[in-house]
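What follows is one structure encoded as structure tokens, with my remarks underneath.
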Amino acid sequence: MAEVVRMPKMSDTMTEGVIAKWHKQVGDKVNSGDLVAEIETDKATMDFESYQEGTLLYIGPKEGEAVAIDAVIAILGEPGEDFQALLNDAPQAEEVTEKKEVEGSNSSGTEAALQSNVTPESLGVTVITMPLLSDTMTEGVIAQWNFKVGDTIKSDDSIADVETDKATMEVTAYADGTLLYVGLEAGEAAKVNDIIAIVGPAGTDVTPLLNQKAAPTSQAAPAEVKNESKVEANVTTENKATDVADDSRVKASPLARKIAKDKGINLNEIKGSADGGRIVKKDVESYVPATKVAPASTTAAPVATETKAITLPTFVGEERYTEVAVSQMRKTIARRLGESLFTAPHFYLTVSIDMENAMLARTQINEVAPVKVSFNDIVVKAVAVALKKHPAVNSSWKGDKIRFNEHTNIGVAMAVEDGLLVPVVRFADGKSLSHISAEVKDFAQKAKTKKLTPADWEGSTFTVSNLGMFGIDEFTSIINSPDGAILSVGAIQQVPVVKNGTVVPGNVMKLTLGCDHRVVDGATGAQFLQTLKALLENPVRLLA
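Count along the sequence shown from 1, add 3, and you get the number used in this note's numbering.
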């Protein structure tokens, strides 16, 4: 009996998949475990193996086409078997996708979409939307277009570079043809799944398709025009004695009105250059206020006294500032850290570490190590070993459950030009100091060039943040959710210490453990720090 094969959900954030390549053709025999296709998800391109057996009777989407989860992509059965009934009963990939789009629109948009027969398939074009390039991405900024409208492109061409909240990544066309439409300029942002480009045969008119997508906006436009006309009529018939300082009825664009408000300019004093005397941005920016002549004083000059007035030099200052658009990375940092700080009850524990032995050990290790080891590498290794002894600190809050991680994936916070990235050293407890050092150096280089991928920054169980190289003595950090704790590492300071009853010079480093009180208690955090202190003060234990 024939069976349908549906688009699987291959990651927790996947909503649709792209058929990157078919490895079987209609008529081929398929066994359980055979590689049927390669599917590009929101995170990676993955192999799709069949769990069914039979002859491949039907293939739905072509290579390069996007398919919603659970949509029918193929049918397996006996040779010559009639499978048409399965296609009639099960929604096709296009129908599932259309249903998704309809659910996301308002009622008027739904009605227009159902009434319209214009689809990308009917025009023979491919719609390219803003892809979901990371698990935290909500929108992307077009860093640059690699092609312009009218250019011929191939399915594997990178048509644009998109700045996400964590890196700048390439967007592939997945279609051959001519670039017919570009939805936004370089530097502009689009939400995930918004149309950014259309590819198809040269000369194809995609206006009906764009109008269909913009139907809700176009329906709302007449109401706005009507209101504007009403305002104009009111201005014409308004009593001339209205307060001059009230410029709320002056015809001006929203941007011009905002700029005027910021500069303290009354719109009544500006002459608009647009249709109907409407004030636009350039009118406000080019406006020069008229010089006002102070009225002659009618009061008599005061009688001079013997007291000599103090004369101060006149100083004229100018208020100036620069505003820049918030980057995708900074938006995500603000959102995620805000959620962590205001959701997780933080508490902090600080301990001082005698680093004399660690400094001596590092010098000796670097004499033979293939890669130079830093103090931060030693801290990462020590943290990973300590977490194996205190699994309660290596935990994550999951709402209705607590996950105790048995593996130690240490996130290493790195400052970059636009903000902060946290690549992950996986299974750090089992790696040598040289291995950890090489990985961290590679991550640092990728972070600076924005070449980190989602696989590099996902999956941490604990985070280390080190500001010691900037001379910071001690500090507290916000937990990298959903981790249960984060370690803040300060600088090694030369300070007086007491040894054997005598004050002698010493080298001390302060560590501050930030804990989520929902999963880590005070005593638990203190015990972890005691183990970590013992490892760092006797680093030979890390080599055992």
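Heads up, the beta-carbon is just placed ideally off N, CA and C, and yes, glycines get one too.
Where residue i and residue j are concerned, what is the direct C-alpha to C-alpha distance, given to the nearest angstrom?
i	j	result
M4	G80	6 Å
V425	K32	46 Å
N369	I356	21 Å
I76	G57	15 Å
P569	V21	Residue numbering for the chain in the displayed model covers 4 to 547; residue 569 lies beyond these limits and cannot be assessed.
D486	E442	21 Å
F345	S399	16 Å
L390	F473	27 Å
M133	G186	10 Å
K285	A259	8 Å
A435	E342	The sequence given here places Ser at residue 435; Ala does not occur at that position. Their Cα atoms are separated by approximately 35 Å.
S110	L213	Note on S110: pLDDT 42, under 50, position unreliable in the model; the coordinate value appears next. Each residue's alpha carbon lies about 18 Å from the other.
V70	E540	56 Å
D524	D445	35 Å
S221	S125	The predicted model places S221 with a pLDDT of 35, which falls under 50 and marks its position as unreliable; any figure quoted below should be read in that light. Those two C-alpha atoms are separated by around 23 Å.
F531	E166	39 Å
P211	N196	19 Å
R281	A418	47 Å
E97	G402	Residue confidence for E97 is low, a pLDDT of 46 falling below 50, so the modelled location carries little weight; the figure read from the coordinates is stated next. Taking the straight line from one Cα to the other gives about 36 Å.
I262	A328	16 Å
P542	E66	55 Å
S161	D154	13 Å
L89	P457	38 Å
G63	L135	24 Å
P204	K27	28 Å
K266	S256	15 Å
E173	G414	25 Å
E477	F407	28 Å
G471	M49	41 Å
If distances are taken between C-alpha atoms only, which option among the options comes closest to residue i?
i	options	result
N19	A74, T58, S35 and V501	Checking the sequence shown, residue 19 turns out to be Glu, not Asn. Out of A74, T58, S35 and V501, A74 has the C-alpha closest to the C-alpha of E19.
G127	V507, N379 and L182	L182
D164	T48, P292, I199 and E41	I199
A193	Y177, G153 and A146	A146
E68	K157, A178 and L89	A178
I475	L514, I336 and T456	L514
N469	F531, P508 and F378	F378
I405	P394, G414 and V287	P394
Q87	T44, I162 and E6	E6
A416	V29, K434, D380 and V500	D380
Q533	K266, Q497, T353 and K434	T353
F350	M17, D154 and V522	V522
D159	G180, N271 and K261	G180
L455	M17, A170 and S276	A170
S276	G267, K266 and E288	E288
K375	S437, V283 and H26	S437
G528	E477, Q497, A255 and V386	V386
M3	V253, N91, L535 and K27	The structure shown does not extend to residue 3, since the chain is modelled only from 4 to 547, so the question has no answer here.
P292	I268, K311 and V283	I268
K254	K266, I262 and N271	N271
G509	N360, I62, D37 and D265	N360
E409	E420, M172 and K392	K392
K157	D37, A176 and W25	A176
Kindly list the residues whose CB is nearer than 7 Å to the CB of residue i, restricted to its own chain and excluding five residues on each side of it in sequence; keep chain order.
i	result
V388	D432, L538 and L545
P11	F51
D168	S137, T139, M140, Q331, M332, K334 and T335
Y290	I268 and I273
P373	S437
I439	D380, V383, K384, V428 and A431
Excluding the five sequence neighbours on either side, which residues of its own chain have a C-beta within less than 8 Å of the C-beta of residue i, listed in chain order?
i	result
G462	N412, V427 and R429
A189	I145, A146, Q147 and W148
T8	The identity of residue 8 in the sequence shown is Val, whereas the question assumes Thr. Cβ neighbours of V8 beyond the five flanking positions: V39, S53, Q55, V75, I76, A77, I78 and L79.
E191	V144 and I145
L315	none
D459	P426, V427, F446 and K449
P499	V506, V507, P508 and G509
Under the assumption that residue i contacts residue j (Cβ atoms under 8 Å), give the Cβ distance between them as a whole number of angstroms.
i	j	result
E84	L60	6 Å
V382	V492	6 Å
D519	I482	6 Å
T464	N397	5 Å
V121	Q215	5 Å
S484	R339	7 Å
Please confirm whether residue i has its beta-carbon closer than 8 Å to some beta-carbon of chain D.
i	result
V287	In the displayed structure, chain D is absent; only one protein chain is listed.
Within a Cβ cutoff of 6 Å, which residues of the same chain sit near residue i, ignoring the five residues on either side of it in sequence?
i	result
S480	S468, I489, S491 and G517
V130	P123, I198 and I201
V152	L182 and V185
When the Cβ atoms of the stretch 316 to 323 are set against those of the stretch 501 to 517, are three or more pairs found closer than 8 Å?
-> Between the stretch 316 to 323 and the stretch 501 to 517 there are fewer than three C-beta pairs closer than 8 Å, too few to call the two in contact.
Tell me, please, whether the stretch 361 to 368 touches the stretch 446 to 458 by the rule of three or more beta-carbon pairs shorter than 8 Å.
-> Contact fails between the stretch 361 to 368 and the stretch 446 to 458, because fewer than three Cβ pairs, one in each stretch, are under 8 Å apart.
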